[in-house]
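Asker: Residue numbers (UniProt numbering): 1 to 260. Quick reminder that beta carbons are idealized off the backbone N, C-alpha and C, glycines included. Treat the numbers as computed from the prediction; the structure is a model and nothing was measured. Here it is, the structure, as structure tokens.
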Amino acid sequence: MISRRSFCKKSLLIAGGLAIPLSCLELFDPKRLLAEKDEKGPRWVFLVDTRKCVGCGFCVKGCKVENEVPYDANVTRTWVERYVVTKDGKTHIDSPKGARDGFPNKGIDIGHGKLEEIRDEDIEKAFFVPKLCNQCDNPPCVQVCPVGATYQTADGVVLVDRSWCIGCGYCIMGCPYGVRFFHPVFHVAEKCNFCYHRITKGMQTACVDSCAFGARRVGNLRDPEDPVTKIIMTERVNVLKEEYGTKPQVFYLGLSKEVK
């Protein structure tokens, strides 16, 4: 027998899916954004080079400090995942505390203070993948918000108005990337916003400034001379969960097939 809580949750997820128009099922072509209206304005995008990420966690620390996310809270706007692929074909993934302190333990964190030890000789490959809000061109979180607290700006960034958010959680359930959470202090929906208060003033995001290895970069897709734009338009880049039709604006270099 299904509970009322379970029924409501499943109904919301189905409703969120139905709210997405069929046009979103088209594959995302970044060049299309260059031809949209308001061409003189910026179109913010993010580039992550997984080949350069070392899992240090400095980006997570910088983000927490900049964006008022409690340092010790087990939530964060951006995080880093460690992938260890073993020779038996299994993929082991962890992100202790969002990788705020990096990965001090060699073993894979499987929760409840337990580690899964993997022998070096059993490892096929290992790498780190930073994740954050994808600032979707077709954001389901905007569609399911009943009060308009989540909205999309003209330059492509999805924001949350804390004064409007009622904490219903619809956007958290509707996000296919799992990037949203309840803020432990403000008790509203929270997520990465590309440090909108910084990039609109010509500054870099906190995570970009914190990365010493150049694994993270933010750029303006409508500027053909922007280094990030040149990479996106000319090199082999990938996005996460393209099949969802959300048209993410976070692009990845060197993304491995194990990453979902």
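1) Under 8 Å: do the stretch 160–170 and the stretch 194–208 share three or more Cβ pairs, one atom per stretch?
2) Would you identify the three-state DSSP class for D226, choosing helix, strand or coil?
3) For L115 and D94, I'd like the C-alpha separation in whole angstroms.
4) Indicate the three-state DSSP secondary structure (helix, strand or coil) for T153 in the structure shown.
5) For the candidate residues K260, E225, R216, T78, whose alpha-carbon lies nearest to that of P42?
6) So is residue 266 buried or exposed if we call it buried at 16+ other beta carbons inside 10 Å?
7) What did DSSP end up calling R198 once you bin it into helix, strand or coil?
8) With a cut-off of 8 Å on the beta carbons, I'd call T78 and C56 a contact; round off their distance for me.
9) Can you pull the DSSP bridge partners for Y252?
10) By the three-class DSSP mapping on this structure, what secondary structure does V259 have?
11) On the DSSP letters alone, give me the boundaries of the beta strand (DSSP E) that F103 sits inside.
12) Counting contacts by CB-CB distance shorter than 9 Å, is W164 in contact with chain B?
13) Contact defined as beta carbons within less than 8 Å: I believe P130 pairs with C175. What is the distance between those atoms, to the nearest angstrom?
14) Which value, in whole angstroms, describes the spacing of the CA atoms of T86 and D101?
15) Kindly indicate which residue of K257, T205, E243 has the alpha-carbon position closest to the one of V45.
16) Can the beta-carbon of L47 be found less than 9 Å from the beta-carbon of I231?
17) Got a sec? Which residues, its chain only, sit under 8 Å from N74 by beta carbon, not counting five neighbours each side?
18) What's the call for K61, buried or exposed, on a 16-neighbour Cβ count within 10 Å?
19) Starting from A215 and walking both ways along the alpha helix (DSSP H), at which residues does that stretch end?
20) Could you give the distance in angstroms between the alpha-carbon of E258 and the alpha-carbon of V84?
21) Going by beta-carbon coordinates alone, are D161 and Y151 separated by less than 9 Å?
22) Tell me whether F127 is buried or exposed, calling it buried when 16 or more other Cβ atoms sit within 10 Å of its Cβ.
23) Are the CB atoms of V208 and C53 nearer to each other than 9 Å?
24) Just mark K90 as buried or exposed, buried being the case when its beta carbon has 16 or more other beta carbons within 10 Å.
25) Considering only their Cβ atoms, is the gap separating D49 from A215 smaller than 9 Å?
26) Three-state secondary structure (DSSP) at E116?
27) Under the assumption that I156 contacts Q143 (Cβ atoms under 8 Å), give the Cβ distance between them as a whole number of angstroms.
Answerer: Taking the definition as stated:
1) no
2) coil
3) 10 Å
4) coil
5) E225
6) Here the chain comprises residues numbered 1 to 260, so residue 266 is not present and cannot be evaluated.
7) helix
8) Going by Cβ atoms, the distance from T78 to C56 rounds to 13 Å, so no, they are not a contact pair.
9) V48, N238
10) coil
11) Premise fails: F103 is in no beta strand (DSSP E) and is neither H nor E.
12) Of the chains in the structure shown, none is chain B; there is only one protein chain.
13) Contact doesn't hold; Cβ gap of about 17 Å is too wide.
14) 24 Å
15) T205
16) yes
17) K97, G98
18) buried
19) Where A215 is concerned, there is no enclosing alpha helix (DSSP H), given that its DSSP letter is neither H nor E.
20) 10 Å
21) yes
22) buried
23) no
24) exposed
25) yes
26) strand
27) According to the sequence displayed, residue 156 carries Gly and not Ile. Actually they are not in contact, since the Cβ atoms of G156 and Q143 sit about 16 Å apart, beyond 8 Å.
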